[in-house]
Amino acid sequence: MRGPNSRWVVHVPIVVPDLLRARILARTAARVLAQLTWCVDVGEVTVSTEDEQRVHHRVFCDRRLAGGARCGLPSDHLAPCATRRNQRAYGRREWRPPGV
Numbered sequence: 047m048r049g050p051n052s053r054w055v056v057h058v059p060i061v062v063p064d065l066l067r068a069r070i071l072a073r074t075a076a077r078v079l080a081q082l083t084w085c086v087d088v089g090e091v092t093v094s095t096e097d098e099q100r101v102h103h104r105v106f107c108d109r110r111l112a113g114g115a116r117c118g119l120p121s122d123h124l125a126p127c128a129t130r131r132n133q134r135a136y137g138r139r140e141w142r143p144p145g146v
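Just so you know, the sequence shown maps onto residues 47 to 146 in the working numbering.
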């Protein structure tokens, strides 16, 4: 039986030619969805090939930074971890319809 804090995961198959483009599209989609609803956990966004869905590739670095923030850079970044410029605290606001 599932409790009141159960989490569901939405899987949306999208066809792209390679891992780089899959990560770019996933990052973009996660950021857009995070602007619309609080329930997107962008730090947990991953991509996988259709034939190896158990092998997940992280999209965001998500390392913990000083002060409790999370790194908002791509998972394969070479620069020091940092929050993205103008990054809001994902998952910390109530849902409002777009334009309100």
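Virtual Cβ for every residue (Gly too), placed ideally from N, Cα, C.
Residue i: first and last residue of the uninterrupted beta strand (DSSP E) it sits in
i: R73; result: First-last for R73: 65-82, but that is the alpha helix (DSSP H), not the beta strand (DSSP E).
i: T95; result: 92-95
Outcome for residue i when other beta-carbon atoms lying within 10 angstroms are tallied against a minimum of 16
i: V86; result: buried
i: L82; result: exposed
i: V78; result: exposed
i: A125; result: exposed
Which of helix, strand or coil DSSP assigns to residue i
i: V101; result: strand
Residue i vs residue j beta-carbon contact at 9 Å
i: D122; j: R69; result: yes
Supposed contact pair residue j and residue i - C-beta distance, whole angstroms, cut 8 Å
i: A104; j: T92; result: Sequence inspection shows Arg at residue 104; the Ala mentioned does not correspond to that position. The Cβ separation is near 6 Å, so the contact holds.
i: F106; j: G118; result: 6 Å
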